[in-house]
Amino acid sequence: MVRFDLGALAYGADYNPEQWPREVWREDVRLMQEAGVNLVSLGIFSWAQLEPREGQFEFAWLDEIMDLLHEGGVRVNLATATASPPPWLSLAYPDSRPVTVDGVRLEVGARQLYCPSDPHYRALSVRLARAVAERYGNHPALRLWHVNNEYGCHIDQCYCAQCAARFREWLRARYGSLDELNRAWGTAFWSQRYGDWAEVQPPRRAPSFPNPSQGLDWRRFSSDNILELHRAEVEVLREVTPDVPVTTNFLGFLPGLDYFRWAQEEDVAAVDVYPDPAGVAPHLEAGMVFDLTRSLRGGQRWLLMEQATSAVNWRERNAPKRPGLMRALSLQALARGADGIQFFQWRQSVAGAEKYHSALVGHVPPERSRVWREARDLGQELKGLDFLRGARVKADVAIMFDWHSWWALSQASQPAVTPLLPVVGAWYAALRSLGVNVDFVPPDADLSGYRVVALPQQYLLTPEAAQGLRAFVQGGGTLVMGPYSGVVDGDDHVIPGGYPGLLQDVLGAWVEEWAPLQTGETREVRWADGRVTPVIEWAEVLHTDGAEVLATYETDFIAGQPAVTRHAFGQGHAYYLSTRPDAAALTDLLRGALHGADVATADLPDGLDVTLSDIKGGKLLHLIHFGTQPVHVQVDGVVDAVHDRATPALSLAPLEAALLRVPADFTLDQLVVT
1 MVRFDLGALA YGADYNPEQW PREVWREDVR LMQEAGVNLV SLGIFSWAQL
51 EPREGQFEFA WLDEIMDLLH EGGVRVNLAT ATASPPPWLS LAYPDSRPVT
101 VDGVRLEVGA RQLYCPSDPH YRALSVRLAR AVAERYGNHP ALRLWHVNNE
151 YGCHIDQCYC AQCAARFREW LRARYGSLDE LNRAWGTAFW SQRYGDWAEV
201 QPPRRAPSFP NPSQGLDWRR FSSDNILELH RAEVEVLREV TPDVPVTTNF
251 LGFLPGLDYF RWAQEEDVAA VDVYPDPAGV APHLEAGMVF DLTRSLRGGQ
301 RWLLMEQATS AVNWRERNAP KRPGLMRALS LQALARGADG IQFFQWRQSV
351 AGAEKYHSAL VGHVPPERSR VWREARDLGQ ELKGLDFLRG ARVKADVAIM
401 FDWHSWWALS QASQPAVTPL LPVVGAWYAA LRSLGVNVDF VPPDADLSGY
451 RVVALPQQYL LTPEAAQGLR AFVQGGGTLV MGPYSGVVDG DDHVIPGGYP
501 GLLQDVLGAW VEEWAPLQTG ETREVRWADG RVTPVIEWAE VLHTDGAEVL
551 ATYETDFIAG QPAVTRHAFG QGHAYYLSTR PDAAALTDLL RGALHGADVA
601 TADLPDGLDV TLSDIKGGKL LHLIHFGTQP VHVQVDGVVD AVHDRATPAL
651 SLAPLEAALL RVPADFTLDQ LVVT
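Its first residue numbered 1, the sequence shown is counted upward by one per residue in the UniProt record's numbering.
See below:
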């Protein structure tokens with residue numbers, strides 16, 4: 001892997017000069033200098049300009065732009081331009097167009113119109129990547145390769161005959177024989193047994209519930225198939241330019257791609273984040289993605305490749321970012337380990353589907369634009385925060401997240417529809433309200449560096465992952481597991497004998513059956529201290545086998561039966577929640593689990609975002625206030641890291657931030673907030 005190092009915090013945007021006449025280009029560079037822009041992503045959607053006819057390359061315009069940017073001190077994250085095939089490709093090779101689950105072949109007129117299995121698209125995209133690499137690999141402006149763009153954003157599955165053939169090849173490699181495939185898919189059910197590989201097809205539209213094990217493998221294949229497409233371009237770039245780092249822009253919790261697997265192919269993780277400014281807590285929506293992105297490559301610093309300066313164009317109602325929110329979210333990304341801040345896009349389009357998506361330079365002239373002033377001022381502010389490049393965000397707490405479990409949970413014919421992300425988001429919000437740093441980890445992660453591991457809803461759990469959790473608790477770790485977890489194995493087969501089948505001894509409890517609540521229905525649980533709190537969506541018939549009961553159900557046929565338990569196992573403890581408490585009760589439970597594991601916490605008011613990062617000789621305390629009322633913070637013996645002055649107490653108005661240098665032994669319980 002090659003390290004990305006711009007020599008400063010990166011600041012910039014997607015730049016699409018092909019949409020503008022040449023006389024605008026020099027003005028763009030002048031404005032970039034004014035705004036402190038030092039990196040732009042270039043050429044993302046320029047295939048039709050670079051290769052207007054098959055095999056006919058036209059680079060003169062891009063040569064000019066690359067030279068102008070270099071002269072202006074702006075470095076380039078150069079795209080391979082393969083994200084949006086030109087119309088001539090779709091006309092010449094109609095099978096390159098993807099097919100939906102209903103058998104509809106998509107047409108020209110948007111972006112990402114390609115089947116990941118099509119040999120013509122694969123060959124032509126690799127050829128273009130090679131041509132770009134050979135022409136610009138030694139250009140002094142080049143700092144990073146941007147491969148394709150937002151893989152899987154629109155097409156994460158294609159159901160054409162080409163993908164069906166590749167699916168069968170993938171299955172042969174995975175299972176080796178039809179007998180093993182039939183076992184893994186449970187094809188004795190509904191007379192689905194396969195006697196010839198040709199009989200195996202993608203899970204297209206079916207008369208009833210499709211085979212869930214087949215659907216799970218299809219999602220695995222689809223992620224791997226697009227990853228293979230990505231690797232083909234990356235191999236060319238590393239062959240031609242071995243010293244230039246490579247990335248592609250992820251999309252956070254995108255359902256279709258297993259980013260833990262994908263991230264190992266990148267030299268630096270990069271992500272696009274678009275929280276809803278009108279949402280309840282956009283900083284939690286963004287922060288969860290920031291923490292995931294940092295976690296994908298084991299804590300390595302990462303890039304915020306795209307965000308909006310204000311409103312996007314694709315929601316039903318597109319709220320602008322109120323003054324100060326863009327800066328606050330950008331500072332939050334830096335606090336969570338970002339090495340740079342970029343936007344989509346530099347100059348707002350006047351035509352096309354994204355003409356109402358905000359940009360640094362909007363339809364309003366810069367001198368009249370509030371958005372431009374905020375973006376320009378942020379770019380200048382970042383120059384004084386360069387010391388953040390040496391900071392590292394370390395966490396004692398991890399949330400286990402697994403795309404394979406998500407895919408299995410998303411298959412039809414479940415006890416109830418249980419969307420995963422709202423559950424994970426609720427646990428994440430509770431942990432962040434206590435101030436603790438949070439990593440996300442896959443099931444096969446090394447857990448030894450954590451004190452607490454949370455599994456909000458780990459439906460699929462392999463024997464290997466279960467053994468890792470058992471060893472973690474036995475060695476002194478604290479496990480907090482949510483409902484409907486550990487139900488099936490890696491083939492999506494139920495583990496019989498009570499749920500969760502592989503961890504009953506660790507939990508000291510087992511589930512007999514599920515009792516999901518009806519829409520809008522709530523129940524109550526009584527805690528050991530006498531409190532009665534509501535629970536929503538889910539309940540289970542839970543039995544103890546050595547575990548301590550922390551809460552019991554209050555009503556219905558499970559009245560008086562355990563709802564939440566804690567069990568000592570080895571040197572550690574395991575908590576089990578058979579239901580979904582409200583936010584306050586969940587926070588209280590997690591606070592107790594954290595304190596039991598010697599993890600310090602802080603009780604934060606709504607909207608105050610706190611992150612600790614490690615620097616040489618101490619720590620940085622990042623405070624960003626997203627709430628609606630001012631807060632007062634007191635920390636003894638600290639220094640304002642930007643202005644280098646003692647700051648024992650401070651007040652933060654909404655959307656204000658502070659960056660404090662604290663001693664190496666600082667813990668969150670020393671923070672006083674009123």
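In this text, a Cβ means the ideal position worked out from N, Cα and C, and glycines have one as well. Source: prediction; values computed, not measured.
Indicate the three-state DSSP secondary structure (helix, strand or coil) for residue i in the structure shown.
i: M481; result: strand
i: M1; result: coil
i: F401; result: coil
i: D63; result: helix
i: A269; result: coil
i: H622; result: strand
i: Q634; result: strand
i: G312; result: Here residue 312 turns out to be Val, not Gly, going by the sequence shown. Looking at V312 - three-state DSSP - the assignment turns out to be coil, as it is neither helix nor strand.
i: F472; result: helix
i: V673; result: strand
i: Y575; result: strand
i: L329; result: helix
i: W510; result: strand
i: D102; result: coil
i: Q56; result: strand
i: R580; result: strand
i: Y175; result: helix
i: S413; result: coil
i: R22; result: helix
i: G340; result: strand
i: F167; result: helix
i: A48; result: helix
For residue i, which of the options has the nearest alpha-carbon?
i: S413; options: D492, L421, D276; result: D492
i: W170; options: H139, V494, R220; result: R220
i: R3; options: E199, A319, D258, E265; result: E265
i: W407; options: L106, P456, D217, P202; result: D217
i: A430; options: M1, G379, V397, P443; result: V397
i: Y259; options: E199, L604, L503, V289; result: V289
i: P323; options: A509, D377, R336; result: D377
i: I341; options: D272, A263, R297; result: D272
i: G497; options: G482, E513, L296; result: E513
i: D446; options: V436, L420, G475; result: G475
i: Y575; options: P483, L652, A646; result: P483
i: residue 687; options: G287, H573, S578; result: For residue 687 there is no data in the structure shown, the boundaries of the chain being 1 and 674.
i: A584; options: G390, R432, P86; result: R432
Since residue i and residue j are thought to touch, with beta carbons under 8 Å apart, how far apart are those beta carbons, to the nearest angstrom?
i: R526; j: A547; result: Not quite, the Cβ-Cβ distance comes to about 17 Å (not below 8 Å), so this is no contact.
i: G592; j: A664; result: Actually they do not touch by this definition, with Cβ atoms about 27 Å apart.
i: L655; j: L325; result: 6 Å
i: residue 729; j: F440; result: A query on residue 729 cannot be resolved here, the shown segment of the chain reaching from 1 to 674 and no further.
i: S222; j: Q162; result: The pair is not a contact, with the Cβ atoms about 13 Å apart (cut-off 8 Å).
i: A539; j: A515; result: 5 Å
i: R135; j: F59; result: 6 Å
i: T611; j: A426; result: 20 Å between Cβ atoms; not a contact.
i: D489; j: P463; result: 7 Å
Starting from residue i and walking both ways along the beta strand (DSSP E), at which residues does that stretch end?
i: P562; result: 562-569
i: D614; result: 608-615
i: N77; result: 75-79
i: A13; result: 10-15
i: V532; result: 532-536
i: A376; result: For clarity, residue 376 is Arg in the given sequence; the question names Ala instead. Element bounds for R376: not the beta strand (DSSP E) but the alpha helix (DSSP H), 370-382.
Tell me the residue span of the alpha helix (DSSP H) that contains residue i.
i: W346; result: That residue, W346, is in no alpha helix (DSSP H); it is neither H nor E in DSSP.
i: F290; result: 282-296
i: F440; result: Premise fails: F440 lies in the beta strand (DSSP E), 438-441, not in any alpha helix (DSSP H).
i: G425; result: 420-433
i: V126; result: 119-136
i: H139; result: Unbroken run through H139: none, as it is neither H nor E.
i: E235; result: 212-240
Relative to the ligand SAM, is the shortest distance from any of its heavy atoms to the C-beta of residue i smaller than 7 Å?
i: R322; result: This structure lacks the ligand SAM; in fact it carries no ligand of any kind.
| query | With a cut-off of 8 Å, do at least 3 Cβ pairs link the segment 368-375 to the segment 304-323? | reply | The answer is yes - the segment 304-323 touches the segment 368-375, with three or more Cβ pairs under 8 Å.
| Between the segment 36-45 and the segment 78-85, do at least 3 Cβ pairs fall closer than 8 Å? | By the Cβ criterion, the segment 36-45 is in contact with the segment 78-85, since at least three pairs of Cβ atoms, one from each stretch, lie closer than 8 Å.
| task | Kindly confirm or deny that the segment 98-118 and the segment 150-166 touch, where touching means at least three C-beta pairs closer than 8 Å. | result | yes
| query | If you pair each beta-carbon of the segment 605-625 with each one of the segment 458-471, do three or more pairs fall below 8 Å? | reply | no
| Using 8 Å as the threshold, is the segment 136-148 in touch with the segment 224-237, meaning 3 or more CB pairs across them? | Flag = yes, the segment 136-148 and the segment 224-237 touch.
| Three CB pairs or more closer than 8 Å across the segment 557-566 and the segment 632-652 | no
| message | Check whether the segment 3-16 and the segment 27-40 touch, using three or more Cβ-Cβ pairs below 8 Å as the test. | response | yes
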